[in-house]
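Novice: Okay, so the sequence shown: first residue is 167 according to the working numbering, each after it adds one. Built from N, CA and C at the ideal position, the CB exists for glycine as well. Source: prediction; values computed, not measured. Have a look at this one before I ask anything.
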Amino acid sequence: MKLISRWSLVLLLVVLSGCAVYATNNLDDVFGPADIENRQVTAKAIPDNFYQDQVKPILESRCINCHACYDAPCQIKLTAFSGIERGGSKERVYEGDRLLALKPTRLFEDARTTEEWREKGFYPILNEREQSPAANLQGSVMYRAIALRRQQGAFQTDVLPADEYDFSLNRDQVCPAVEEYSNFEQSHPTWGMPYGLPELNDREYDILTTWLAKGALMNATANVPVSVSQQVQTWESRFNGDSMKEQLVNRYIFEHIYLYSLYFDDEARYTFKLIRSSTPPGEPIKRISTRRPYEDPSVDRVYYRLWLDPESRVQKTFIPMHLDEARYKRWSAWFYGEKYDVTELPGYDVEIASNPFKAFEQIPANSRYRFLLDHAQNTIMAFIKGPVCRGQVAVNVINEQFWVYFVDPEFELHNIGSDFLRQNATSLGLPASLSNNVLPISTWIKYSEKQKDYLSSKAQLIDNMGQEGMEFTTSMIWDGEGRNPNAALTVMRHFDNATVEKGLVGPSPKTAWVIDYPLLERIHYLLVAGFDVFGNVGHQLVTRLYMDFLRMEGEMNFLMFLPRDERAAVREYWYRDADQTIKDYIFSDLLKIDVASAVDYQTDHHNEELFALIKERLAPVLSRRHELSQSALSADSQEMLLSLQALQGKSASVFPELAMLMITRGDQPAELATIIHNRAHSSITSLLDEESTLLPEEDTLIVARGIVGDYPNVLLKMREQDIPTFVGMVKELRSEKDYAELLNQFGVRRTSSEFWATSDEIARLNKAMKPLSSGILDYNRLENR
């Protein structure tokens, strides 16, 4: 810390003088014009490990909580040094009403150098003028932002004034370049960074200020261990076999796992992305960047390379996968153990490439399905954590909580599936085959007809199998081969974001899905591979409307296990007050399936009994990670917290979407828990008027162990002995005033002086509980209540 001490006086003088001088003078006059070349400093200004050991931890614990992924304010992405060098943009990625698609601005993909980012309209947040301590601070948006917040000091109220702060997700963003920052400081004096959160402490502020004053450099990072490098070489060889079968299989694998963080070491310390390159293993990677992973690479031969990802681990986008020998053995058995020939490779014409049932028809459907099932949580998580899933319109196509099961790949449907899918491949086409500037109505009509044609064929297939003696039984549900916990998943929506967890989390849900191979594949190509976050409003609306069909198909699959004469009534209850005329037309043949359920029901509560029977079948593989019974809390504390799940109505409706609890014993944190608010709906059909379908009198809560979700709305802290008081206050919630009193006693508001300490402790416990899947939480949705 001597480095900081020596600089403290110098920095103080720079800051004090800078505020007086540079607010009234043009930066160009004082420090010369901005030029990227000015940042090419070669002198050793700070220790080699200063950024990695001191700066990066502060960014990860105080800044990246808001500045990560596509929704980072002003596209200032601080998860990697390249994002800091790139700077900010006045253009928004998530803008639901744009008429024309944007040009992509993906970090590491759509520009290779800082110069290219400047050409795309990004402005610097580091100084690009004369390299002196004064210029490095006054010419830096990053420094001016933390200095502005420091000037404001501690908050004077628990709830911040609504006329000074806007925490809404779609708020108007003000993205000043450094030349505009003096005016910004005058017009928005409370908008320093961290925005609407406690200021950095003295140590954190001094470290960042020292780093910025010294030129804000990042020295070389530590080398990847030899053992990991050897694994990279081995797997790159596997991903780049020369035979047509190997090339087709590896193209299929790439298009499904390109968002994943692949790792080889036991701690997932080094993660890699599988990317397309024009160069083979052994040569420097030359990345091929296209809007979608299946678009024309414009090279004769594509190579699949493992690229070391330098970004900090952010939980909302982190999809881990361990590449080990056991996984390779399974993949090899499915893709190379089966007898089939690949006689030609599919091209990249969009009608073929966007339709996996055409592009990969030569690979047995059963092999493709087993591959997706093997990591089913990741397959679904790519939708949840990919770029599609941001904002209310993106996720209001799904219910608040539902359980997901899968059709057993041994079931006859998938053994004959390849021929059936080949015959219906055109009907299984997806809207992504069209441009990003599509017209939503005409496109929706076209693809709704395709969906009806497919469902009619599916209904005929099932009826034919029924005539041959098939009945619906729970043995059709995949049991994970007795080892795979991906067999049962829980999806939870939190208004404008969502979560997927292994296991059956919470009480029995209103609805459930049973997913077969064609449905799982289409979900991926609609919402992940085929979704363009930079597309126009038409593209995004058509995607949402088509997902409506896929949700209903998954629900219909579940209904087939209920008695035949109950299916329509249950579906009507799920879609109360909804005009189903068009959807009944599309699903008419599926609704008429005349195949009985052979489930041996013993009660009159068939829905609940079916849930119980499937749970019993899957018991050997069910994940129990989020059950309170797995916690260190006493049995009485567990029972008290779980009693909140019996609440329905007003008490639940006042509660936020996600509340993360830290429970202490003495002075030491003992457990983490999450309370999830389930908003009841009469139906999930309204695109732009969701408010009209809400049923607050039916709202409920789920209590889960650990961290569930990536976007907390509030942090809570309590001693274990105070749980009865907390639960009692929650049960009595009737108004905003009641909720404010609850926060006064147990809340760690965004304005609290304890906020960062609590945040750090939650992050530490989250990592301890989920060492391979945890990451930095997102604070963009913290409430101001």
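At 4 residues or longer, what runs of the alpha helix (DSSP H) sit wholly inside the stretch 375-407?
Specialist: Listed in chain order, the complete alpha helix (DSSP H) runs (minimum 4 residues) inside the stretch 375-407 are 392-404.
Novice: Please give me, in chain order, every unbroken run of the beta strand (DSSP E) with length at least 3 that falls completely inside the stretch 235-314.
Specialist: Qualifying beta strand (DSSP E) stretches: none in this window.
Novice: Hey, could you find the ends of the beta strand (DSSP E) Asn443 is sitting in?
Specialist: The displayed chain sequence assigns Ser, not Asn, to residue 443. Here the beta strand (DSSP E) through Ser443 covers 437-443.
Novice: Distance check for Tyr620 and Glu449, CA to CA, integer angstroms please.
Specialist: Computed Cα separation, rounded: 45 Å.
Novice: Which residues does DSSP list as the beta-bridge partners of Trp958?
Specialist: Here the chain comprises residues numbered 167 to 951, so residue 958 is not present and cannot be evaluated.
Novice: Provide the residue span of the beta strand (DSSP E) that contains Leu813, from first to last.
Specialist: Leu813 -> no beta strand (DSSP E), and no H or E assigned at all.
Novice: Of all the options Val880, Ser901, Ser939, which has the alpha carbon lying nearest to the alpha carbon of Trp922?
Specialist: It is Val880.
Novice: What ranges does the beta strand (DSSP E) occupy inside the stretch 617-660, keeping only unbroken runs of at least 3 residues that lie completely in it?
Specialist: Segments of the beta strand (DSSP E) lying fully in the stretch 617-660: 655-659.
Novice: Should Val465 go down as buried or exposed, given a rule of 16 or more other Cβ atoms within 10 Å for buried?
Specialist: Exposed, by the Cβ-count rule.
Novice: Using a Cβ-Cβ cut-off of 7 Å (strictly less than) and excluding sequence neighbours within five positions of Pro835, which residues of its own chain qualify?
Specialist: Cβ within range, chain order: Met828, Glu927, Leu931.
Novice: Determine the direct distance from the alpha carbon of Ile868 to that of Gly672, and round the result to whole angstroms.
Specialist: Cα to Cα, the separation comes out at about 5 Å.
Novice: May I have a chain-ordered list of the beta strand (DSSP E) segments no shorter than 3 residues that lie completely inside the stretch 450-498?
Specialist: For the stretch 450-498, whole beta strand (DSSP E) runs of length 3 or above, ordered along the chain, are 469-474, 486-488.
Novice: With H, G and I counted as helix, E and B as strand and the rest as coil, what does DSSP make of Val516?
Specialist: Val516: helix per DSSP, three-state reduction.
Novice: Touching or not, the stretch 506-514 and the stretch 407-426, by the rule of three or more beta carbon pairs under 8 Å?
Specialist: The stretch 506-514 is in contact with the stretch 407-426.
Novice: Which word fits Tyr751, buried or exposed, when buried means at least 16 other C-beta atoms lie within 10 angstroms of its C-beta?
Specialist: Its Cβ having fewer than 16 others within 10 Å, Tyr751 is exposed.
Novice: Please state the DSSP three-state secondary structure of Ala836.
Specialist: If DSSP states are grouped into helix, strand and coil, Ala836 belongs with the strands.
Novice: Going along the chain, which residues of its own chain have a beta-carbon closer than 8 Å to the beta-carbon of Tyr217, five neighbours each way excluded?
Specialist: Contacts found: Phe247, Trp377, Leu383, Met384, Asn385.
Novice: Output the distance between the C-alpha atoms of Asp574 and Arg730, rounded to the nearest integer angstrom.
Specialist: Cα-Cα distance, rounded: 21 Å.
Novice: Assign Asp944 to buried or exposed, taking buried as 16 or more other Cβ atoms, counted over all protein chains shown, within 10 Å of its Cβ.
Specialist: Answer is buried; the Cβ neighbour count reaches 16.
Novice: Which residues bound the alpha helix (DSSP H) around Glu423?
Specialist: The residue asked about is misnamed: residue 423 is Ile in this sequence, not Glu. Per DSSP, Ile423 belongs to the alpha helix (DSSP H) from 410-423.
Novice: In chain order, what residues of the same chain have a beta carbon less than 8 Å from the beta carbon of Ala189, not counting five sequence neighbours either side?
Specialist: Note that Ala189 scores 46 on pLDDT, short of 50, meaning its location in the model is unreliable; the coordinates nonetheless yield the value given after this. Within the same chain, Ala189 has close Cβ partners Ser348, Glu351.
Novice: Take the Cβ of Ile529 as the centre, count every other Cβ of all protein chains shown within 10 Å, and call the residue buried at 16 or more, exposed below.
Specialist: So Ile529 counts as buried.
Novice: Given 8 Å as the limit, is there contact between the stretch 353-372 and the stretch 318-325, that is, 3 or more CB pairs closer than that?
Specialist: Contact between the stretch 353-372 and the stretch 318-325 is present, because at least three Cβ pairs lie under 8 Å.
Novice: Rounded to the nearest angstrom, what separates Ala234 and Arg783 at their Cα positions?
Specialist: Whole-angstrom Cα-Cα distance: 40 Å.
Novice: Taking its Cβ as the centre, do 16 or more other Cβ atoms sit within 10 Å of Ala492, making it buried, or is it exposed?
Specialist: It counts as exposed.
Novice: Name the residue from Thr709, Phe892, Gly249, Leu425 whose alpha carbon lies nearest to the alpha carbon of Phe821.
Specialist: If we check each option's Cα against that of Phe821, Phe892 comes out closest.
Novice: Please determine, among Lys883, Leu860, Glu732, the residue with the shortest C-alpha to C-alpha distance to Lys758.
Specialist: Nearest of Lys883, Leu860, Glu732 to Lys758, Cα basis: Glu732.
Novice: For the beta strand (DSSP E) that Ile829 lies in, which residues bound it at each end?
Specialist: It spans 824-831 - the beta strand (DSSP E) in which Ile829 sits, taken as one unbroken run.
Novice: Could you work out which residue in Ala839, Asn773, Ala818 is closest to Leu799 when comparing CA atoms only?
Specialist: For Leu799, the nearest C-alpha among the options comes from Ala839.
Novice: If I'm right that Leu813 touches Lys897 with Cβ under 8 Å, what's the distance once you round it to whole angstroms?
Specialist: Going by Cβ atoms, the distance from Leu813 to Lys897 rounds to 6 Å, so yes, they are a contact pair.
Novice: Can the beta-carbon of Asn946 be found closer than 8 Å to that of Asp237?
Specialist: Yes, these two residues count as a Cβ contact at 8 Å.
Novice: Taking Cβ positions, are Val708 and Thr592 nearer each other than 8 Å?
Specialist: Not in contact: Val708 and Thr592 (Cβ atoms no closer than 8 Å).
Novice: Do you know offhand how far Asn532's Cα is from Asn652's?
Specialist: For Asn532 and Asn652, the distance between alpha carbons rounds to 17 Å.
Novice: Identify the residues that DSSP records as bridge partners of Met884: which are they?
Specialist: Ile829.
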